[in-house]
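Notes follow once the structure below has been shown.
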């Protein structure tokens, strides 16, 4: 009996003892490969295959997103009232120009007003709109002028043209008369008041021969004087520059005169 018990205990002791595994240590060692200075064909091929670059995968492009449209679509345009502005002017302090804004003088003209006349005359709408676009370039000539009580007269010797001008006032336009040449008529013998003169020659012929000129201008204050004059003709009239005085007259239509305007720096 005791022999059997001892045998059973011995067997249990053998079962309780588990077998232990031997620990395997992994070590890294650097292996140096020597390349022959004269590799054979197989070695060359193996080296070339090893050096081939790997293909870099391309990133797929992101799908395009819908682009928002800001504004009025063509399909909706018919729903907008024709008389209503698309932009509210009140949002801009009512500083937006409307479609009736006056364009810059000469901006749409083939010929431009000569800069010698300055820009002061362009500030008067009646002058700017009345003249329209220039039809000729600037003409310069040696002429003569005479100052009267209430106006002036200008003479162009090459052509014989004479202009008699009564300047404009704050009340409105002045008046001018134009003749291609002095009228042939007998001149009366007149006596001017003290300090004044009776015009002679071509000026005298216009002063006495053209109705209304004498009453409008009065007597001459100075004798006839020579000086450089410049003119430029427009669709509706002309600009005349008295170069010595630096004054510009705008003659519009058949009788309206504006000025004198300062050439304001147009004269060099």
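In the numbering used here, the protein residues as written are 1 to 268.
We put the CB at the ideal spot given by N, CA and C, even for glycine.
Annotated as proximal: residue 221 and residue 147, with beta-carbon spacing under 8 Å. Between the C-alpha atoms of residue 142 and residue 176 there is a straight-line separation of about 21 Å. In the DSSP assignment, residue 233 is bridged to 238. The Cβ atoms of residue 239 and residue 163 do not sit closer than 8 Å to each other. With contacts defined by Cβ atoms closer than 8 Å, residue 224 and residue 168 do not form a contacting pair.
Bounds of the alpha helix (DSSP H) holding residue 203 are 201-209.
From the listed residues 208, 203, 186, 129, the smallest Cα separation to residue 253 is found for 129.
Nearest in C-alpha terms to residue 256, of all of 120, 108, 237, is 237. Annotated as proximal: residue 111 and residue 137, with beta-carbon spacing under 8 Å. Between residue 209 and residue 150, the gap from beta carbon to beta carbon reaches 8 Å or more. Linking residue 205 to residue 198 through their CA atoms gives a straight-line distance of about 11 Å. Cβ contact annotation for residue 229 (same chain, cutoff 8 Å, sequence separation greater than five): 140, 141, 142, 143, 145, 154, 156, 240, 241, 242, 243, in chain order. In the DSSP annotation of this structure, the continuous segment of the beta strand (DSSP E) that includes residue 152 starts and ends at 152-156.
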